[in-house]
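Residue numbers (our numbering), protein chains in the order written: chain A, 14 to 212; chain B, 14 to 212. Positions of the beta carbon are idealized from the N, C-alpha and C atoms, including for glycine. Input: a single structure, listed below in C-alpha cells.
Protein chains: 2
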Amino acid sequence: MGGEGQSETREAIMEATYRALCDHGYASLTMQNIADEFGKSKGLLHYHFDSKEELLVAFIDYLLAGFEDDIASIEGPPDERLAAFIERFVVANGDERRALHLALLELRAQAPFNDRFRDQLARSDAIVRAAVADMVDEGITTGVFRADTDPDALARVVLAAMDGARMRGLTIGDDTYPAAVRDALITYVLDDLLVGAAE
Amino acid sequence: MGGEGQSETREAIMEATYRALCDHGYASLTMQNIADEFGKSKGLLHYHFDSKEELLVAFIDYLLAGFEDDIASIEGPPDERLAAFIERFVVANGDERRALHLALLELRAQAPFNDRFRDQLARSDAIVRAAVADMVDEGITTGVFRADTDPDALARVVLAAMDGARMRGLTIGDDTYPAAVRDALITYVLDDLLVGAAE
DNA sequence: TAGGATTGACTGGCTAGCCAATCAAGATGG
DNA sequence: CCATCTTGATTGGCTAGCCAGTCAATCCTA
C-alpha cells in the first residue's frame, strides 16, 4: 500500500474516536467502541497504536490542533476578534458539540493523573492565552483599549470565566450559563476597557 | 448497637470515602479502597449502602453541605465578604485540598451522565450563587457598590471565573492560576463596582 | 438466644492487550 | 508469465486482571 494509507488510516481512527467519545463519553470509552465506529477490528487499533493511552494522546493532539486553528482563523479589529473569541464559548452547534465538550471535560479531569495529557493541555493553554493576550495588546497599540490594561491578566480572566461558565453549564445542565457570563463579562470588563469609557 | 450507631457509622464511611477519594481520585476509586480506609470489609459498605452510586450520592451531599456551611459562615461587610469568598478559591491548604478538588472535578465531569449527581450540583450552585448575589445586593443597599450592578450577573462571572481558574490550574498543573485570576477580577471588576470609582 | 453487624469468599461481567492465523498485493526470479 | 516469497493489514478468539455486588456463615451484644 502507498505512503498515503498510513496517515489516512490514522485520520480515520481519529474521526472514529471523536464519534465514539461523543456517543459514550470518556469514562465509558472502550477500544471496542472506537473499533465499531472505525468499522474495523479492535486488534487493528492496537496494530496502529501501541496502547489505548497512545491513541488518546494522539487524539488530544488532533483535537487541540483543531481548536488552535479555529482561534487563529479569527480575523478583524482586535475588539471584534476578542468578542468573537468569547462567542466561541457560547455557540453550541447542537448536541454533537455539547457531547464533545462533555467528553473533553472528562478527559481534562484526567490530565492531573496523566503527564502526557497535562503537558498537551498546558501547551495548548499557553498558545490560546497568548493569542488572546495578543488581541488585547494590539487593541492597546491601535488605541482601542486603554493603555493601562494588562494583556495576560485580562486573557486569564476571560479564559477562566468562559471556560468556567461552560463547565458549570455542562455539569449542572444549564445551557444559559455561558451566554449569561459572556454578557456580564462584556458589561463589567470589556466595556470599561474601551478608550473613551470613563476612568 | 443503639440508634446512634447508624449515623456514626455513616459518618465514618463518609470520612473514609473522603480519604479514599483524595488518595486514588474518582476514576480509580473502588469500594475496596473505601473499605480499607473504613477499616472494615467491602461487604459491610454494601450493607449500609445498596450500591456504589448510593454511597457516592450521599457523599456528594455530605461534601456540598460542608462547602455551603463554609460560605454561609463568612462574616463582615459585603465587600469584604465578597473578597473572602473569592479568596476561598485561592487558598490551597496543602496537598489534601488539592487532591480533593481534583477528585471533585472528576466527579463533576460525571454529573452530566448521572441525574442524581447533576441535581445535587445544580442545587448547590443555586445556593452558592444566591449567597454571592446577596453579598452584592447588600453592598448596593448599604451604598458600597454602585446601584447599577446586576447581582446575579456579577455572581455568575465571579463564580465562573474563579471556578474556571481552579479547573485550569488543576488540569494544567499551574497553581498560580487562581491567584492571577483573583487579582485580575479585583482590578477589572470589583474596583469598578465600588461607589466612588469613576463611572 | 435473636437479630443486627460483619466477614470473606465467590460470581459474573467487562476490558485491555496479546497472538496466531488469514488475507491482499506487490516484489522477485526462473 | 506464472509461482513463490515478503510484508503490511486485518481478524477473532483468548487471557488475565479488575471490580461491583451477592451470600452464607459467623460474630457480637442486649
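{"Item": "Cβ of MET175 of chain A within 9 Å of any chain B Cβ", "Value": "yes"}
{"Item": "Among B:LEU118, B:GLY182 and B:LEU95, the one whose alpha carbon lies nearest that of GLU151 of chain B", "Value": "B:LEU95"}
{"Item": "ILE84 of chain A versus ALA144 of chain A - alpha carbon distance", "Value": "8 Å"}
{"Item": "Under 9 Å between C-beta atoms of GLU97 of chain A and GLY107 of chain A", "Value": "It is worth fixing the name first, because residue 97 of chain A is Ala in this sequence and not Glu. Result no, Cβ atoms of ALA97 of chain A and GLY107 of chain A do not sit closer than 9 Å."}
{"Item": "Cβ separation of GLY177 of chain B and ALA192 of chain A, assumed to be a contact under 8 Å, to the nearest whole Å", "Value": "Not confirmed; about 15 Å, so no contact."}
{"Item": "DSSP state of LEU203 of chain B mapped onto helix, strand, coil", "Value": "helix"}
{"Item": "Identity of the residues DSSP links to PHE51 of chain B by a beta bridge", "Value": "BP columns for PHE51 of chain B are empty, so no partner."}
{"Item": "Identity of the residue in A:GLU28, A:PHE62, A:HIS61 and A:ASP82 nearest PHE51 of chain A by Cα", "Value": "A:GLU28"}
{"Item": "Beta carbon proximity, ASP187 of chain A to chain B, threshold 9 Å", "Value": "yes"}
{"Item": "Under 8 Å from the C-beta of ARG181 of chain A: neighbouring residues of chain B", "Value": "ASP138, LEU172, ALA173 and ASP176"}
{"Item": "Beta-carbon neighbours of GLU93 of chain B, restricted to chain A and to distances below 9 Å", "Value": "By Cβ distance, chain A contributes nothing, its closest Cβ being about 20 Å from GLU93 of chain B, past 9 Å."}
{"Item": "Identity of the residue in B:LEU183, B:ILE99 and B:GLU21 nearest ILE87 of chain B by Cα", "Value": "B:ILE99"}
{"Item": "Three-way DSSP call (helix, strand, coil) for PHE158 of chain A in this model", "Value": "strand"}
{"Item": "Secondary structure of PHE72 of chain B, DSSP reduced to three states", "Value": "helix"}
{"Item": "Proximal chain B residues relative to PHE213 of chain A, where beta-carbon distance stays under 7 Å", "Value": "This structure gives no information on residue 213 of chain A, because the portion of chain A shown stretches from 14 to 212."}
{"Item": "TYR39 of chain A and GLN123 of chain A closer than 9 Å at C-beta", "Value": "yes"}
{"Item": "Reduced DSSP category for GLU88 of chain A - H, G, I as helix; E, B as strand; rest coil", "Value": "coil"}
{"Item": "Closest Cα partner of LEU34 of chain B within the set B:ILE47, B:THR22 and B:ASP147", "Value": "B:ILE47"}
{"Item": "9 Å Cβ cutoff, TYR31 of chain A in contact with chain B", "Value": "no"}
{"Item": "Whole-angstrom distance between SER20 of chain B and GLN133 of chain A, CA atom to CA atom", "Value": "45 Å"}
{"Item": "ALA168 of chain A versus B:ILE26, B:TYR190 and B:ILE185, residue with shortest Cα-Cα distance", "Value": "B:TYR190"}
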